[in-house]
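Under our numbering, the first residue of the sequence shown carries the number 404, and numbering increases by one thereafter. From the three backbone atoms N, C-alpha and C, an ideal C-beta is built for every residue, glycine too. These figures come from a predicted structure and were not determined experimentally. In what follows, a single structure is set out as structure tokens and then discussed.
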Amino acid sequence: MQAAARSQGGRAAQALWEAYVQQRRGAMGLTLPSSKSLWDVVNRGRLEPHGAEAVHDIWMQFHADPTKNRTATVLPVAHYAKFAENATKSPQFVLPVFKGPNAFENFFVQCQLPIVLFTTLEEYKQRGSAATPAVVLTHYTEMVADKHIVLVRGDIISPSACSRGEAEQLTRLLHDFYTVDQKYLFVHAFNHRQSEFDLKRMLDSLGHDTSQLPHD
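Here you go:
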């Protein structure tokens, strides 16, 4: 299992990204599910007059409808700066969504800021470069100078592959693993020393039961 994740991770992530961009261009005339400009997503006058806390609340409320296939979060600028630095150095990773004891699904991560792409490992194994991304995150930095925050929007492309709650879980894990030093060790190993990357140890670090999972 670990070997499969390592061997496919490097080759798959860039292929997925390129296939995704091409697919969106062909189907919609766009490269992304949401514009890279914040002001194409939300009215500028709705956010700019307010302080950071109010902007946070407005942004979260704007994405609060549980029937919409989208999520949101807000990052302090220092948190985002560390995330961006590490994402540039180590753009690929694998993250789990836990379904229960000894049950989880892996998602490939491809960081190409301001975008982060998630797709399931199983989807890629079945469809290769035609795999459909499950979730696409867009990081908006327009409010860094005045509000010192970064707004993050998640577009759920395949709700059957990743629920709203699971997309929120992946987003939290992503930002944790790229900003917490001890967790980033796993990310760095995955990108730069794959022979040292231990998937089961990473899963154990999240506090879930992996006692029945196979070892290398």
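Is residue j closer than 8 Å to residue i when the C-beta atoms are compared?
i	j	result
L478	H578	yes
V538	C514	no
Helix, strand or coil for residue i? Go by DSSP, reduced to three states.
i	result
G448	helix
K502	strand
L441	helix
F496	strand
F511	strand
M546	coil
S563	coil
R604	helix
T535	coil
H611	coil
T470	coil
In whole angstroms, give me the CA-to-CA distance for residue i and residue j.
i	j	result
P452	N446	11 Å
D549	T491	24 Å
R427	G568	Caution applies to R427, whose pLDDT of 42 falls short of 50 and renders its modelled position unreliable; the value that the coordinates give is listed next. The alpha-carbon atoms of R427 and G568 are separated by roughly 24 Å.
V480	T541	15 Å
L498	T544	25 Å
F501	R473	20 Å
G454	I461	11 Å
E599	W442	43 Å
Q529	P469	30 Å
K471	L516	24 Å
Q597	G448	47 Å
L450	I518	22 Å
Could you spell out the range, first to last residue, of the beta strand (DSSP E) harbouring residue i?
i	result
I552	552-559
R382	Since the first residue shown for the chain is 404 and the last is 619, residue 382 is missing from the structure and cannot be characterised.
H542	538-543
A520	Checking the displayed sequence, the identity of residue 520 turns out to be Leu instead of Ala. Where L520 is concerned, the enclosing beta strand (DSSP E) stretches over 518-523.
Terminal residues of the continuous alpha helix (DSSP H) containing residue i?
i	result
L573	567-582
F465	455-465
Please look up how many angstroms separate the CB atoms of residue i and residue j, rounded, as I've assumed it's under 8 Å.
i	j	result
F593	Q495	7 Å
M546	V458	6 Å
R556	A475	6 Å
T522	F507	The Cβ separation is near 16 Å, so there is no contact.
A466	T582	Residue 466 is actually His in this sequence, not Ala. That belief does not hold up - the Cβ atoms of H466 and T582 are roughly 22 Å apart, past 8 Å.
V590	S493	5 Å
T535	I560	6 Å
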